[in-house]
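Those protein sequence lines, which keep their order, are chains A and B.
Number 178 in numbering that gives the first Met the number 0 belongs to position 179 of the first sequence; there are no gaps in the numbering.
Number 216 in numbering that gives the first Met the number 0 belongs to position 217 of the second sequence; there are no gaps in the numbering.
Just below is one structure, and these are the notes that go with it.
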Amino acid sequence: MIRFKEAHLRFDTGISLRDLNFQVKKNEFVYLHGSSGCGKSSILKMIYMDLFPNEGEVTVFDYNSNHVKRRDIASVRQRIGMVFQDFKLLMDRDVYSNIALPLELLGLKSGEVRRKVAMTADELGLRSRLNHFPYELSGGEQQRVALARAMVNSPDLILADEPTANLDAKAATEALEWIWKVHNDGTCVIFATHKDQLLKQEPSRTLSLVSGEIIEDR
Amino acid sequence: MKFGYIIREGVIGIRRARMPFMISVFSITIALVLVGVGILAVDNGLQYIGDFQTEYDLEIFLENESSADQKRDIAVNISEYPGVFRMDYLSKEDAAALYNAEFGEDVLSLLDDNPLPSSFRVTFDEDHLSAVYIQSFIQSMELFEAVDEVIFRQDLFDRVQGIMQSIYIIASGGLFLIILSTVFLTANNLRLMILARYDFIEIVRLLGASDFMVKAPFFLEGGILGFLGGILSILVIAGFEWGLAYAHIIDLPVRIMNHPELILGMLIFGISLSSLGVLKAVRRMLRFVS
Numbered sequence: 000m001i002r003f004k005e006a007h008l009r010f011d012t013g014i015s016l017r018d019l020n021f022q023v024k025k026n027e028f029v030y031l032h033g034s035s036g037c038g039k040s041s042i043l044k045m046i047y048m049d050l051f052p053n054e055g056e057v058t059v060f061d062y063n064s065n066h067v068k069r070r071d072i073a074s075v076r077q078r079i080g081m082v083f084q085d086f087k088l089l090m091d092r093d094v095y096s097n098i099a100l101p102l103e104l105l106g107l108k109s110g111e112v113r114r115k116v117a118m119t120a121d122e123l124g125l126r127s128r129l130n131h132f133p134y135e136l137s138g139g140e141q142q143r144v145a146l147a148r149a150m151v152n153s154p155d156l157i158l159a160d161e162p163t164a165n166l167d168a169k170a171a172t173e174a175l176e177w178i179w180k181v182h183n184d185g186t187c188v189i190f191a192t193h194k195d196q197l198l199k200q201e202p203s204r205t206l207s208l209v210s211g212e213i214i215e216d217r
Numbered sequence: 000m001k002f003g004y005i006i007r008e009g010v011i012g013i014r015r016a017r018m019p020f021m022i023s024v025f026s027i028t029i030a031l032v033l034v035g036v037g038i039l040a041v042d043n044g045l046q047y048i049g050d051f052q053t054e055y056d057l058e059i060f061l062e063n064e065s066s067a068d069q070k071r072d073i074a075v076n077i078s079e080y081p082g083v084f085r086m087d088y089l090s091k092e093d094a095a096a097l098y099n100a101e102f103g104e105d106v107l108s109l110l111d112d113n114p115l116p117s118s119f120r121v122t123f124d125e126d127h128l129s130a131v132y133i134q135s136f137i138q139s140m141e142l143f144e145a146v147d148e149v150i151f152r153q154d155l156f157d158r159v160q161g162i163m164q165s166i167y168i169i170a171s172g173g174l175f176l177i178i179l180s181t182v183f184l185t186a187n188n189l190r191l192m193i194l195a196r197y198d199f200i201e202i203v204r205l206l207g208a209s210d211f212m213v214k215a216p217f218f219l220e221g222g223i224l225g226f227l228g229g230i231l232s233i234l235v236i237a238g239f240e241w242g243l244a245y246a247h248i249i250d251l252p253v254r255i256m257n258h259p260e261l262i263l264g265m266l267i268f269g270i271s272l273s274s275l276g277v278l279k280a281v282r283r284m285l286r287f288v289s
């Protein structure tokens, strides 16, 4: 599903990611673990093709970073659900509209959109919150809305970029459990975090990063 | 359904960003009012000068001995000459009556015989009011044996023509500057409006929206914005014209409501300016958004 082959990424600031070689298969749950600034988000950005390697290649769903066209990037992203540390919700839209957005972008009929949003909201315990605005919700609930939006169109892959960083311990555990639940339903997940305790809580394959290099894959 | 998304997002976008939208409509309205007033001012100015110019008839005086056949021949030639808007024949008697009306004296009582010649007065339509064209007409008239003299106030005509040309050049330059500055001002304002929607653009891009799906609702929003700006500017100008007439300041011969091409032009200009301005601003932003 995802393959990094001798990928190097250099920034003008001098920070770089070096010699990235790994593959992620369907149905895997992979932690990207490392301290702040080690390159976790950059790897995720290379997967959703916001950043491109200066050397080597990254292949995502058969789209190769060296040959991908701008319009293909939209196709790649339509197959990925993304969850961010800052949630990236539209604050001026209610929960329903936030969750429905990816489906509307795909051009689904309104009845289908309603059905899928209701189903996803039920799964994540958000049914009673559909008419609320994100600023009316707790951090944990906002992250659940972000997760609902990420999974509503049944993506092949979920990228979670420090989704628990802004949450208290209880909400963070809950968020991790929800993401694991999505994974257990058959979705591949790449979860970037700097928190060791999460890895112990729900162990899985972990790529450990230090200063832009993968030092361990276990 | 994607079409439905575009329309819905375009309308929702207006509702959600009411204030920046209203400010943009206001700026487009001002821009279009400036353009519309500029065009109308030029049109009215030229209309006044044109009216003044068409009052200058050309007079063809005939020989006293000219026969009825010769006069008919000349009349036919004049009326068939391209660009002749109006032709009046003044007989010797008409000339005497005119003299009497203008000077209060009967020319026949002063002299035994009527010395005033019969004549044709010719007026050209606007499209043929050029000194060169009228000169060629004069030359063709002078070929007739029965024509004694052709009087045409060329110096005055040339001066009026010169004024008209100057107005054209100055007004064109002025209008060009107005249009240029309105394009820049509006583009800048639209850029600010789009900048306020950075979050939306960033998020929909991350969710897999193609460039087209990002741009299309904004393009529609820009079109609505330009249309509203166009309608408002037309109403403002029409109200202003009505106010001038109501206060008896000036009754303009050319008004916006009698000028459908200008109304259409302003609407098209407004819609194009804002939708393309919005499109440019979004395209620019997409370069910075992932």
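Note that the Cβ used here is the ideal one computed from N, Cα and C, for glycine as well.
Practice prompt. Provide the residue(s) that pair with A/G80 in DSSP beta bridges, ordered along the chain.
Written response: The residue given as residue 80 of chain A occupies position 81 in the first sequence. DSSP output for A/G80 lists A/I157 as bridge partner(s).
Discussion item. So, under 8 Å CB-CB, B/I270 and B/G238 are touching, yes? Tell me the CB distance rounded to an integer number of Å.
Written reply: Residue numbering aside, residue 270 of chain B sits at position 271 when the second sequence is read from its first letter. Residue numbering aside, residue 238 of chain B sits at position 239 when the second sequence is read from its first letter. About 22 Å separates the CB atoms of B/I270 and B/G238; that is not less than 8 Å, and the two are not in contact.
Fill in: Cβ shell of B/D250 (< 6 Å), same chain only, five flanking positions each side left out
Counting from one through the second sequence, the residue named residue 250 of chain B turns up at place 251. A244.
Worksheet entry | alpha helix (DSSP H) segments (min. 4 residues) lying fully within the stretch 27-75 of chain A | Taken in chain order, the complete alpha helix (DSSP H) segments of 4 residues or longer contained in the stretch 27-75 of chain A are 39-46.
Item to complete: For chain B, find out if any of its Cβ atoms is closer than 8 Å to the Cβ of A/Q84; answer yes or no.
Response: Taking the first sequence and counting its residues from 1, the one referred to as residue 84 of chain A is at position 85. A/Q84 does not count as touching chain B.
Worksheet item: Roughly how many whole angstroms lie between the Cα atoms of A/N165 and A/G138?
Response: Numbered from its first residue, the first sequence carries residue 165 of chain A at position 166. Numbered from its first residue, the first sequence carries residue 138 of chain A at position 139. About 7 Å.
Fill in: Collapsed DSSP secondary structure at A/K4 in the structure displayed
Reading the first sequence from its first residue, position 5 is the one you call residue 4 of chain A. In the three-state reduction of the DSSP assignment, A/K4 falls in the strand class.
Fill in: Inter-residue Cα distance where the pair is A/V181 and A/V151
Stepping through the first sequence from its first residue, residue 181 of chain A is reached at position 182. Stepping through the first sequence from its first residue, residue 151 of chain A is reached at position 152. If you take the alpha carbons of A/V181 and A/V151, they lie about 11 Å apart.
Discussion item. Between the stretch 216-236 of chain B and the stretch 12-27 of chain B, can you find at least three pairs of beta-carbon atoms closer than 8 Å?
Written reply: Yes, they touch.
Worksheet entry | For B/F123, three-class secondary structure by DSSP | What you label residue 123 of chain B is simply residue 124 of the second sequence in a count that begins at 1. Three-state DSSP puts B/F123 in a strand.
Fill in: Interface residues of chain B facing A/A191 [CB-CB closer than 8 Å]
As a first step, residue 191 of chain A is located in the first sequence; it is residue number 192 there, counting from the start. Below the 8 Å Cβ cutoff, chain B contributes no neighbours of A/A191, its closest Cβ being approximately 15 Å away.
Worksheet entry | Neighbourhood of A/L146 by C-beta, 6 Å cutoff - its chain only, sequence neighbours within 5 removed | The residue you call residue 146 of chain A lines up with position 147 of the first sequence. Excluding sequence neighbours, A/L146 sits near V82, W177.
Worksheet item: Within 8 Å (strictly less), CB to CB, does A/G106 reach chain B?
Response: Position 107 of the first sequence, counted from the start, is the residue given in the question as residue 106 of chain A. Answer yes: the Cβ-Cβ gap between A/G106 and chain B drops below 8 Å somewhere.
Fill in: Bridge-paired residues (DSSP) for A/D93
Translated into positions along the first sequence, residue 93 of chain A becomes position 94. Beta-bridge analysis with DSSP links A/D93 to no other residue.
Worksheet item: Does the distance from the C-beta atom of A/C187 to that of A/E54 stay below 8 Å?
Response: In the first sequence, residue 187 of chain A corresponds to position 188, counting from 1. In the first sequence, residue 54 of chain A corresponds to position 55, counting from 1. Cβ distance not < 8 Å, so A/C187 and A/E54 don't count as in contact.
Practice prompt. Assign A/E201 to one of three DSSP states: helix, strand, or coil.
Written response: Counting from 1 along the first sequence, the entry for residue 201 of chain A is found at position 202. Correct three-state label for A/E201: coil.
Discussion item. Considering just the uninterrupted stretch of the alpha helix (DSSP H) at A/T119, what are its terminal residues?
Written reply: Along the first sequence, one-based indexing puts residue 119 of chain A at 120. Looking at the DSSP string, the run of the alpha helix (DSSP H) that includes A/T119 is 109-122.
Item to complete: Starting from the C-beta of B/I177, find all residues in its chain whose C-beta is less than 7 Å away, skip the five residues before and the five after it, and write them out in chain order.
Response: As a position in the second sequence, residue 177 of chain B is number 178, starting the count at 1. If we look at B/I177 and ignore the five residues flanking it on each side, its Cβ neighbours are L33, V34, G37.
Worksheet item: Between which two residues does the alpha helix (DSSP H) containing B/R14 stretch?
Response: To locate residue 14 of chain B, count along the second sequence from 1; it is residue 15. That run of the alpha helix (DSSP H) goes 1-15.
Practice prompt. Would you please verify whether the beta carbon of A/K115 is less than 8 Å from any beta carbon of chain B?
Written response: Locating residue 115 of chain A in the first sequence gives position 116, where the first residue counts as 1. Residue-level contact check: A/K115 does not touch chain B, since none of the beta carbons of chain B fall below 8 Å from its beta carbon.
Discussion item. Let me check one thing: in DSSP terms, what residues is B/M86 bridge-paired to?
Written reply: Here residue 86 of chain B is taken as the residue at index 87 of the second sequence, counted from 1. Paired residues: B/V121.
Discussion item. Need the endpoints of the beta strand (DSSP E) that B/V146 sits in, please.
Written reply: Along the second sequence, read from residue 1 onward, the residue named residue 146 of chain B stands at position 147. First-last of the beta strand (DSSP E) with B/V146: 146-150.
Worksheet item: Taking one C-beta from the stretch 83-100 of chain A and one from the stretch 110-130 of chain A each time, how about it: are there three or more such pairs within less than 8 Å?
Response: The stretch 83-100 of chain A, when compared against the stretch 110-130 of chain A, does touch it at the 8 Å Cβ threshold.
Discussion item. For B/D42 and B/V253, I'd like the C-alpha separation in whole angstroms.
Written reply: Within the second sequence, residue 42 of chain B is the residue found at index 43, counting from 1. Within the second sequence, residue 253 of chain B is the residue found at index 254, counting from 1. About 7 Å.
Worksheet item: Are A/V59 and A/R204 closer than 8 Å when you measure CB to CB?
Response: On the first sequence, position 60 is the one that residue 59 of chain A refers to. On the first sequence, position 205 is the one that residue 204 of chain A refers to. No; because the gap between Cβ atoms is not below 8 Å, this pair is not in contact.
Discussion item. Using C-beta distances below 7 Å, list every residue in its chain close to B/Y80, excluding the 5 sequence neighbours before and after it, in chain order.
Written reply: What you label residue 80 of chain B is simply residue 81 of the second sequence in a count that begins at 1. Excluding five sequence positions before and after B/Y80, the CB atoms of its chain that fall closer than 7 Å to its own CB belong to F136, given in chain order.
Worksheet item: Does DSSP put B/S209 in a helix, in a strand, or in coil?
Response: As a working note, residue 209 of chain B is residue 210 in the second sequence. Collapsing the DSSP output to three states places B/S209 in coil.
Discussion item. Alpha carbons only, please: which of A/D216, A/P154, A/S210, A/E173 is nearest the one belonging to A/K25?
Written reply: In the first sequence, the residue the question calls residue 25 of chain A occupies position 26. Looking at the Cα atoms, A/P154 is the closest of the given residues.
Worksheet item: According to the Cβ coordinates, are A/V57 and A/A99 closer than 8 Å?
Response: Here residue 57 of chain A is taken as the residue at index 58 of the first sequence, counted from 1. Here residue 99 of chain A is taken as the residue at index 100 of the first sequence, counted from 1. Taking 8 Å as the cut-off, the Cβ atoms of A/V57 and A/A99 do not count as close.
Worksheet item: Cβ of A/L8 within 8 Å of Cβ of A/L158?
Response: Your numbering for residue 8 of chain A matches position 9 in the first sequence. Your numbering for residue 158 of chain A matches position 159 in the first sequence. Taking 8 Å as the cut-off, the beta carbon of A/L8 is found no closer than this to the beta carbon of A/L158.
Worksheet entry | A/R143 versus B/S232: straight-line alpha-carbon distance, rounded | As a working mapping, residue 143 of chain A is identified with position 144 in the first sequence. As a working mapping, residue 232 of chain B is identified with position 233 in the second sequence. C-alpha separation (whole angstroms): 48 Å.
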